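For reference, the structure discussed in these notes is given below.
Protein chains in written order, with this note's numbering: chain A, 13 to 26; chain B, 60 to 319.
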């Protein structure tokens, strides 16, 4: 399985 | 009052088909500049960003910016009632807070006009700020080739490795039963630019490993356009862009894999 990080850890929440 | 008229309903039908596997509900933003949406899948690993500019519509009017929440599955069903070549009008009143989004579909000969409306919903969703980025590699390729590669490699494994170099881009996957790879070589644009040609703009080699199930969802946007561009930088989300001619784009972002 592929584990991927949440996009929230790359892009700031608006 | 918002009112947007598209010359052909088929574009909007294809957009909703491209989004609904990844996203079940989304807010749609209407502003003077056009229609846009940003939504993440439930795991916050993938994001889609749609932009339809006001000048791409046959006519467009938005008196006041509005955000309307829709269920994409319901919207998809509603759009099945539109003929591909029908002119489509989307409109909503915001006088007392819009509670429905209205659609009318008019046949090419104007002899048939149908009207449907979709109940709106309150959606509380996270949205993010996506910075403008310079990417280390940009692969520009045929969208149907992209779909085919994703489909072919999905029969082998769960993840795809995308390796871009100056010479070309290699998609590979491995699973319990075996492995497979497809190499597309960089082609300088030549006369009569082949529809299937692949070109790579690259500063340094980049590699990403990504879950195929998300790429299969992104590939649903292929019917919208002949080309897809894949924007990659090490350790940042990969961006897949499908341009929608004359009017805007769908961009999908996918978070990179965690190194265990």
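Just so it is clear, CB atoms sit at the ideal spot from N, CA and C, and this is done for glycine as well.
The model shown is predicted, which means the values in this text are computed figures rather than measured ones.
If you draw a straight line from the Cα of residue 130 (chain B) to the Cα of residue 226 (chain B), it is about 43 Å long. In the three-state scheme derived from DSSP, where H, G and I count as helix and E and B as strand, residue 217 (chain B) is classed as coil. Taking 8 Å as the threshold, the shortest C-beta distance from residue 297 (chain B) to chain A does not fall below it. Flagged as an interface residue toward chain A: residue 103 (chain B), by a C-beta distance shorter than 8 Å. Taken in chain order, the whole beta strand (DSSP E) runs of length 3 or more contained in the stretch 231-319 of chain B are 237-244, 258-261, 265-270, 286-291, 297-303, 307-313. Here residue 298 (chain B) is not near residue 221 (chain B), since their CB atoms are 8 Å or more apart. If you look at residue 71 (chain B), you'll find it in the alpha helix (DSSP H) that goes 68-78. At the C-beta level, residue 270 (chain B) and residue 16 (chain A) come within 8 Å of one another. The C-beta of residue 82 (chain B) comes no closer than 8 Å to any C-beta of chain A.
The beta carbons of residue 134 (chain B) and residue 307 (chain B) sit no closer together than 8 Å. Interface with chain A (8 Å Cβ-Cβ cutoff): residue 274 (chain B) is excluded. Burial state of residue 262 (chain B) is exposed, judged by a 10 Å Cβ sphere holding fewer than 16 other Cβ atoms.
If you draw a straight line from the Cα of residue 164 (chain B) to the Cα of residue 75 (chain B), it comes to about 16 Å.
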